[in-house]
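**Student:** Could you have a look at this structure, given as structure tokens, before my questions?
Number of protein chains: 2
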Amino acid sequence: MIGIILVSHSQKITDGIKEMIEEMIGESPNVEVISCGGTGDGRLGTNSLMILDSINYLANASHILIFGDIGSAILCAETAIDLIDDPNLSGKVTLVDSPLVEGAFAAAVQASVNCTKEEILKEVSSI
Amino acid sequence: MIGIILVSHSQKITDGIKEMIEEMIGESPNVEVISCGGTGDGRLGTNSLMILDSINYLANASHILIFGDIGSAILCAETAIDLIDDPNLSGKVTLVDSPLVEGAFAAAVQASVNCTKEEILKEVSSI
Numbered sequence: 001m002i003g004i005i006l007v008s009h010s011q012k013i014t015d016g017i018k019e020m021i022e023e024m025i026g027e028s029p030n031v032e033v034i035s036c037g038g039t040g041d042g043r044l045g046t047n048s049l050m051i052l053d054s055i056n057y058l059a060n061a062s063h064i065l066i067f068g069d070i071g072s073a074i075l076c077a078e079t080a081i082d083l084i085d086d087p088n089l090s091g092k093v094t095l096v097d098s099p100l101v102e103g104a105f106a107a108a109v110q111a112s113v114n115c116t117k118e119e120i121l122k123e124v125s126s127i
Numbered sequence: 128m129i130g131i132i133l134v135s136h137s138q139k140i141t142d143g144i145k146e147m148i149e150e151m152i153g154e155s156p157n158v159e160v161i162s163c164g165g166t167g168d169g170r171l172g173t174n175s176l177m178i179l180d181s182i183n184y185l186a187n188a189s190h191i192l193i194f195g196d197i198g199s200a201i202l203c204a205e206t207a208i209d210l211i212d213d214p215n216l217s218g219k220v221t222l223v224d225s226p227l228v229e230g231a232f233a234a235a236v237q238a239s240v241n242c243t244k245e246e247i248l249k250e251v252s253s254i
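Here the protein sequences come in this chain order: A and B.
Each residue of the first sequence is one higher than the one before, starting from 1 at the first, in the numbering used here.
Each residue of the second sequence is one higher than the one before, starting from 128 at the first, in the numbering used here.
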């Protein structure tokens, strides 16, 4: 299973992407998407500890792909990755250099049909 | 004034982008952002007539920039542009080839400091 974590200052944006993905691929055992936008208490902003919790929640995934939108969302995801205790877990995590909506959507569709991490990243890089 | 229209299958996504932009730039006489995601009746999907209404609403803008995310959102925006009656208005409209969140955010920030359309599109193309 591939884990996908969506990071933005806006929870509406990440909730919307998760809904759009789930409408497209339905329930899939191959992919789990976590909406991790906003501060966690309803405000615009980001929260590294919330992202870290999402990473830990996905510890059983074969790979964890993180997608962010603008600068500080990316920085916050990097901080979360730095905070991972377990080197086995941190080795599974990739902060993907792609547009948030378009990249996460393409990755989830690829993951749902059981593509490898390399195939997913190749597809995403073509966006 | 530059008009920016956000198109996605998800209204949550476009509402979230509009909120994020307004948090960043505040009230600006130089830019007006319209969230035009979803079908207009709460479902996931797109609606060319709703996009056309947004274009007509922004008829007094100096330029109207439309940002969409995945394929059919782009197609729906193209259909809306084809449906514009007034050639003066259609000449103001640009469907921007850029990621939705990142492109619209960068464009709005540039527009808020009174950049020209060319300066905005140059900034967006560097994303």
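Ideal placement from N, C-alpha and C gives every residue a C-beta, glycine not left out.
Between which two residues does the alpha helix (DSSP H) holding Val240(B) run?
**Tutor:** Neither: Val240(B) is in no alpha helix (DSSP H) and is coded neither H nor E.
**Student:** What three-state label does DSSP hand Leu75(A) in the structure shown?
**Tutor:** The answer is helix: DSSP assigns Leu75(A) an H, G or I state.
**Student:** Taking the C-alpha atoms as reference points, what is the distance between Leu44(A) and Met151(B)?
**Tutor:** 10 Å
**Student:** Please classify Leu222(B): does DSSP put it in a helix, a strand, or coil?
**Tutor:** strand
**Student:** Do Ile81(A) and Ile4(A) have their CB atoms nearer than 9 Å?
**Tutor:** no
**Student:** Could you check whether the Cβ of Leu44(A) sits closer than 9 Å to any Cβ belonging to chain B?
**Tutor:** yes
**Student:** What separation, rounded to the nearest whole angstrom, lies between the Cα atoms of Leu89(A) and Ile51(A)?
**Tutor:** 14 Å
**Student:** When burial is assigned at 16 or more other CB atoms within 10 Å of the CB, is Pro99(A) buried or exposed?
**Tutor:** The C-beta of Pro99(A) has 16 or more other C-beta atoms within 10 Å across all chains shown, which makes the residue buried.
**Student:** Assuming Pro7(A) and Gly37(A) form a contact by the criterion Cβ under 8 Å, report the distance between their Cβ atoms to the nearest whole angstrom.
**Tutor:** Looking at the sequence itself, residue 7(A) is Val, so the reference to Pro does not match. With a Cβ gap of about 7 Å, Val7(A) and Gly37(A) count as contacting.
**Student:** At a CB distance below 7 Å, what residues from the region 139-159 of chain B approach chain A? Give them in sequence order.
**Tutor:** Lys139, Ile140, Asp142, Gly143, Ile144, Glu146, Met147 and Glu150
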